[in-house]
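**Q** Handing you this structure, nothing more for now.
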Amino acid sequence: MSTSEVTYFHNDISGSPMLATDASGAVVWKENYRPYGERINNPAGSNANNKLWFAGKPFDAATGLSYMGARYYDPVLGRFMGVDPATVDPGNVHSFNRYAYANNNPYKYVDPDGHSPIDVAFLIYDLGKLGVAVYTGVGVGHALVDVALSTVGVASPIPGAGQALKAARAVEHGVEAARGAELGIKAVAVAEGGAVAKGGTYVLKDVEGTVVKTGRSKDLARREAEHGRNHPDKTFEVDKRTDRYEAQRGREQDLHDAHPSAHAENGGLDKMNGISKSNPRRNEYLGAGRELP
């Protein structure tokens, strides 16, 4: 009697699988993508047990194309193979390119179904707010409006199933993120007033999962995009979310100390300590960082 093999896929905000694990939690494979979706770790023809890749869409190895829903897409060229079914929007200069993906800016936008791009940074922020609101029952209406504006702010003027699907996915993913926060999973961090913290600390990992850089930023979404351009083979992971400057400084130093592999002398990308040992506020910063949940 044969037994089924279970594989769990771990996706990013756009739905692209970044990691697969088996039933025991062991890593089966990892993946990184070039800006427009070409796979780096498991190129076409590899034996990675998955048919859904960039943006969570089916990939046809025979043609090298992804089926996005409305059109086929070539992740190597970064272009759709068919003309955009939505009409040109005179208010959006990018809509005049009938084959472009995500307004020609895959770091800022994603295009879930081949109809219209959505802003990743605003969507992440608004999903966090909506997830917390739905789970707690407070402020759902306002949060839902924010998510709706994010999904249609740069969208096609023609409504359709694609837009409805994006809104439904937004609510579902937001609720999951909020539940994760309550369980202690660092998926969503809430600052005072119920807003998701925009800044915080992070690490960059190589394809082996080794931390090669630690850091902090006032805008984690923007920093992730910057590192995506400069280090496309590295994986960006948020460590802690906080907009408090002192806590960011202290946590960054502790991260640096905890990961010698990130130090420049060991081949990492950290060029110096986050806090000088002579800094008179060193203990204050470290204390603030260690108070983070």
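In this note's numbering, the protein residues as written are 1067 to 1359. Glycine included, every Cβ here is placed at the ideal spot set by N, Cα and C.
Does the structure place the stretch 1319 to 1328 close enough to the stretch 1284 to 1292 that three or more beta carbon pairs sit under 8 Å?
**A** Taking a contact to require three or more Cβ pairs closer than 8 Å, the stretch 1284 to 1292 and the stretch 1319 to 1328 do not qualify as touching.
**Q** If we count the other Cβ atoms within 10 Å of its Cβ and call it buried at 16 or more, is residue 1117 buried or exposed?
**A** exposed
**Q** Is it the case that the stretch 1127 to 1142 contacts the stretch 1082 to 1093, given that we only count it when at least three CB pairs across the two stretches are under 8 Å?
**A** Between the stretch 1082 to 1093 and the stretch 1127 to 1142, the count of Cβ pairs shorter than 8 Å is below three; the stretches do not touch.
**Q** Beta carbon of residue 1319, beta carbon of residue 1296: below 8 Å?
**A** No Cβ-Cβ contact shorter than 8 Å links residue 1319 with residue 1296.
**Q** What is the DSSP secondary structure of residue 1140, reduced to helix, strand or coil?
**A** strand
**Q** So residue 1352 is in the alpha helix (DSSP H); what residue range does that whole segment cover?
**A** 1348 to 1356
**Q** To the nearest angstrom, how far is the alpha carbon of residue 1023 from that of residue 1280?
**A** In the structure as shown, the chain begins at 1067 and stops at 1359. Residue 1023 is therefore absent and cannot be evaluated.
**Q** Using the rule of at least 16 other Cβ atoms within 10 Å of the residue's Cβ for burial, across every protein chain shown, is residue 1275 buried or exposed?
**A** exposed
**Q** Would you mind reading off the limits of the beta strand (DSSP E) that contains residue 1086?
**A** 1083 to 1088
**Q** With DSSP as the reference, identify every bridge partner of residue 1077, one or two as the case may be.
**A** Residue pairing from DSSP places residue 1077 in a beta bridge opposite 1083.
**Q** Using the three-state DSSP reduction, which class does residue 1281 fall into: helix, strand or coil?
**A** If DSSP states are grouped into helix, strand and coil, residue 1281 belongs with the strands.
**Q** In terms of residue numbering, what span does the alpha helix (DSSP H) encompassing residue 1315 cover?
**A** Taken as a continuous stretch (DSSP letters only), the alpha helix (DSSP H) holding residue 1315 covers 1311 to 1324.
**Q** Let me check understanding here. Comparing Cα to Cα, which of 1299, 1322 and 1291 lies closest to residue 1305?
**A** 1322
**Q** Roughly how many angstroms lie between the CA atoms of residue 1099 and residue 1174, to the nearest whole one?
**A** 15 Å
**Q** Beta-carbon separation of residue 1146 and residue 1137 under 8 Å?
**A** yes
**Q** Between which two residues does the beta strand (DSSP E) containing residue 1307 stretch?
**A** 1301 to 1307
**Q** Quick one: what does DSSP say residue 1335 is sitting in, helix, strand or coil?
**A** coil
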